[in-house]
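I have placed the structure first, in the form of structure tokens, so that the comments after it can refer back to it.
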Amino acid sequence: MVTRWVISRPWRVLTGAALLGAVLGLWLMGAHPQFSGGGYLATGTEAARADAVLAERFHAGLPDLVLRADARSPVTDEPVARAGLGLTADLARQPGVERVYSYWNTGAAELLGADRRGALLVVDLAGDDATTARAAERLVPRFTGRHGPLRVSATGTSYVSAQATAVSRHELLRAEMLGVPLTGLALLLAFGSPVAALLPVLTGLFAVLGAYPLLCALATAMPVSALATNLVTALGFGLAVDYGLFLVSRHRQELAATGGDNREATLRTMRTAGRTVFFSSGTIAVCLTPMLLLPVPFLRSLACAGIAVVTCSGLATTLLLPALLVLLGRWIDRGDPFARWRRERSDESPLWRRVARAATARPLLAGGCCVLLLAASALPFTHVRFGVTDYRVLPPELESHAVAAGIGRDFALPWDRAVTVLLPATDAVEQEAEVTGYARRLSARPDVSRVVTGLGTYAHGREVAGPTPGSLLQITDGGTWLAVTGSGPTSQDPALVRTLRALPSPGPHLVTGTPARVLDTKSALAHSVPFIGALLIGCVLVLLFLFTGSVVIPLKAVVLAALSLSASFGAMVLVFQEGHLRGLLGPFTVTGELETSMPVVMFCFAFGVSVDYELFLIARIQEEYRAGADCRDAVVGGIARTGRVITTASVLVALAVLPLLTSHVVLLKMFGCGIALAVLMDATVVRGILVPAFMRLAGRANWWAPAPLPRLHRRLGLHTAFLPSAPAGAVPAQQKQTLRKKIRT
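Converting from the sequence shown to the working numbering requires adding 33 to each position, the first position being numbered 1.
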């Protein structure tokens, strides 16, 4: 009904779309959204609760901004100390700065460099992540560089966030400047006609233009990662081009089949390929929806971005594209020097027909070889190590990355090794004996290097230093906290965190710090992912059943998609965890870990795109089968008719994410690489060989469902949606009626 309305009023639809696009474009020109550069840690965990208490009662926690001040002489020399105190006081007077702790106003040993020629200023900023990032962006240019005898450089979570946002903004502009022309050129090569190539690009632009304001509005209500904007551009163009390619290709076929009846060709296109686009966009949105339940803000913001752009892509394709198709008609081939040859040639691909025939001739051999290949590719994922994003996500040459790495190397208390034990109900003054006894016991452990308290520093079971002026920061009325440094790389080994949580203490205690945050984030995702995965798979199974009326094909689609994704995960471990093939993707920091949230993102996004291709292929196979072909001929015919288009679509998606592959942000590079690998592997190995092999073995069982389900499918009216294409020339009305009766029975 919607399609008929669009086709009958194409100028109204296009005029409304143009006005809406103009309004959105003008609004975006004046919009200043506040995106977040963080959100990679889980909320609601013990570490998160401890951080909240530390911030509220002790004004401590992760430093928003850290300035490193280096001098040519010891920082205790009078001229250097005077400059350091002046810098500390000047910084504390700035708007948005709550407090500043430095070596010069606290005497804290951990703020003094090992060579005594460097010291740190730790700055607490007021506001949420977006506000502190803006404050850091404003303060750093003023307070870095030369300040008398001091040379000052900056890092800290807020400055890392600010630099990540700036890099993402630059990457977004580069993606638009590089991605749109590349995609248009690839479409021109695929279609041969500038008019046909322009249609998917227009729908992609409209999809991105519609999704971006939704993301900006959402940023006012919740933290939205700056990387989500890059995702919107890449995924928006990828999906819109994908859908546009399928619809334009099918429209060309239907024009030839209906003898040039443009209105009928558009109706048939939307009834077949358009219906598939509707289910595809719904399926991908469903695949992303469970991510909203995950406890990591970064993942929730990516889910919102993905759902927004998928919805806009589906709407642009099903509303805007039919109006353009019905107006253009044969003009769609305008400018194509090979238009007549394209119309006369078969819409089948001889190459994919031969591949499908070979796969269905020896299905066990072909399918078994593909399964072994994918399983071997997935083997590296068995030794994956997970971590959480930090400054290393940025290029090493950026200031926030280089300075953070230098602090970890040159200062006595590396930021990524400190474990904080919070005693919120233990008064360090009134319960001095209990606190010092607890600190001694902890420092005597072989996995602990030292323990710093408000009463002194302890190592090897004894006090090695007394309190300093900075020790007062660890004591408040009715509470205290201890900084425990492990003897090993505790940022990667969670054993110390588990030990500290299990050991008895003078009162209730909470454990936080980078190792605890990493452990809690991993644990939170490990507990959430099974339920989220089951929910996602269940929703996809239901949607695929509604699409096909079968229970076998949905199960097959889920298993093959999981196998294809596992192979992509294995490749990501080889490249990003172990550093192989770095030369192909450009320089990035190899941390020996994969970002914990990235496999979740990849599973939801790539799984949805994989099911997308499954829908287009199965739709054509089902048309052939319902038109009277046997199982093997239906499979071979479906693959021959869609193989060229699906392969072209996968290449176009890979081109759409190409700007992400060249990104300087490791997470974007990882996402682009994973999506490109998954899409290309799925469109070739899985759709070209595994699917025909499986469907040949299953035979008529492909379309089987328990007795009540087919009745439900017919009652919903979904069984009549597939009408096979007419042969060349007009289709007699009597033949159409007979065919419809056959489909209904």
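Heads up, the beta-carbon is just placed ideally off N, CA and C, and yes, glycines get one too. Quick caveat: nothing in here was measured; it's all calculated off a predicted structure.
Contact check, residue i vs residue j, beta carbons under 8 Å
| i | j | result |
| --- | --- | --- |
| residue 275 | residue 573 | no |
| residue 499 | residue 452 | no |
| residue 581 | residue 672 | no |
| residue 726 | residue 680 | no |
| residue 590 | residue 647 | yes |
| residue 362 | residue 295 | yes |
| residue 484 | residue 462 | no |
| residue 576 | residue 640 | no |
| residue 334 | residue 256 | yes |
| residue 69 | residue 250 | no |
| residue 28 | residue 204 | Missing from the structure shown is residue 28; the chain here goes from 34 to 778 and no further. |
| residue 99 | residue 189 | yes |
Helix, strand or coil at residue i [DSSP, three-state]
| i | result |
| --- | --- |
| residue 10 | Nothing about residue 10 can be reported from this structure: the residues present for the chain run from 34 to 778 only. |
| residue 53 | helix |
| residue 524 | With a pLDDT of 48 at residue 524, under the threshold of 50, the modelled position of that residue is not reliable, and the figure given next carries that caveat. Correct three-state label for residue 524: coil. |
| residue 803 | With the chain covering 34 to 778 only, the question about residue 803 has no answer from this structure. |
| residue 106 | coil |
| residue 549 | helix |
| residue 47 | helix |
| residue 766 | Confidence in residue 766 is poor, its pLDDT being 42 and thus under 50, which makes the residue's placement too unreliable to answer from. |
| residue 289 | helix |
| residue 444 | strand |
| residue 531 | helix |
| residue 695 | coil |
| residue 781 | Beyond the ends of the chain as shown, which are 34 and 778, falls residue 781; an answer cannot be given. |
| residue 755 | Residue placement at residue 755 cannot be trusted, given a pLDDT of 42 that sits under 50; the coordinates are not used to answer. |
| residue 253 | coil |
| residue 604 | helix |
| residue 571 | helix |
| residue 761 | With a pLDDT of 37 at residue 761, under the threshold of 50, the modelled position of that residue is not reliable, and the figure given next carries that caveat. Three-state result, residue 761: coil. |
Contacts around residue i, its chain only, beta-carbon distance under 6 Å, and the 5 residues preceding and following it disregarded
| i | result |
| --- | --- |
| residue 147 | 443 |
| residue 736 | 583 |
| residue 224 | 230 |
| residue 688 | 215, 216 and 219 |
| residue 707 | 601, 605 and 635 |
| residue 664 | 732 |
| residue 509 | 90 and 91 |
| residue 211 | 692 |
| residue 76 | 328 |
| residue 764 | Unreliable placement is indicated for residue 764, whose pLDDT of 39 sits below 50; no coordinate value is reported for it. |
Contact set for residue i: own chain, Cβ-Cβ below 8 Å, skip 5 residues either direction
| i | result |
| --- | --- |
| residue 357 | 43, 47, 232 and 235 |
| residue 183 | 102, 103, 104, 113, 116, 117 and 120 |
| residue 246 | 57, 60, 61 and 64 |
| residue 561 | 326, 327 and 328 |
Beta-bridge pairing of residue i - partner residues as DSSP gives them
| i | result |
| --- | --- |
| residue 419 | 627 |
| residue 180 | 183 |
| residue 538 | Its beta-bridge partners do not exist; DSSP assigns none. |
| residue 508 | 513 |
| residue 314 | Residue 314 is not bridged to any residue. |
| residue 485 | 490 and 516 |
| residue 262 | According to DSSP, which records beta bridges pairwise, residue 262 is partnered with nothing at all. |
| residue 69 | 258 |
| residue 101 | 153 and 186 |
| residue 453 | 516 and 545 |
| residue 158 | 130 |
Other residues of its chain near residue i: CB distance less than 7 Å, five sequence neighbours each side excluded
| i | result |
| --- | --- |
| residue 677 | 382 and 385 |
| residue 38 | none |
| residue 653 | 671, 674 and 675 |
| residue 475 | 481, 484 and 517 |
| residue 299 | 40, 284, 355, 358 and 359 |
| residue 701 | 204, 260, 263 and 693 |
| residue 629 | 419, 420, 421, 554, 555 and 558 |
| residue 714 | 597, 600 and 601 |
| residue 318 | 340, 343 and 344 |
Min CB distance residue i to chain C below 8 Å
| i | result |
| --- | --- |
| residue 649 | In the structure shown, chain C does not exist; there is a single protein chain. |
- Item | Three or more C-beta pairs below 8 Å linking the segment 62-78 and the segment 107-126 | At 8 Å Cβ cutoff, the stretches do not touch.
- Task: Evaluate contact between the segment 336-344 and the segment 73-84, counting only Cβ atoms and requiring at least three cross-stretch pairs below 8 Å.
- Result: No: fewer than three Cβ pairs fall under 8 Å.
- Query: Does the count of Cβ pairs from the segment 430-438 and the segment 179-195 closer than 8 Å reach three?
  - Reply: In short, these stretches touch, since the Cβ pair count reaches three.
- Item | Cβ contact (3+ pairs, closer than 8 Å) linking the segment 603-612 and the segment 540-550 | Result no; under three Cβ-Cβ pairs closer than 8 Å.
- Task: Determine contact between the segment 415-427 and the segment 196-205, defined as no fewer than three beta-carbon pairs at a distance below 8 Å.
- Result: Yes: the two stretches touch, three or more of their Cβ pairs being nearer than 8 Å.
- Message: Pairs of beta-carbons, one from the segment 547-564 and one from the segment 304-313, closer than 8 Å: are there three or more?
- Response: Contact between the segment 547-564 and the segment 304-313 is absent, because fewer than three Cβ pairs lie under 8 Å.
- Message: Does the segment 160-177 come into contact with the segment 119-133, if we say contact requires no fewer than three beta-carbon pairs (one atom in each stretch) closer than 8 Å?
- Response: Touching, per the Cβ criterion.
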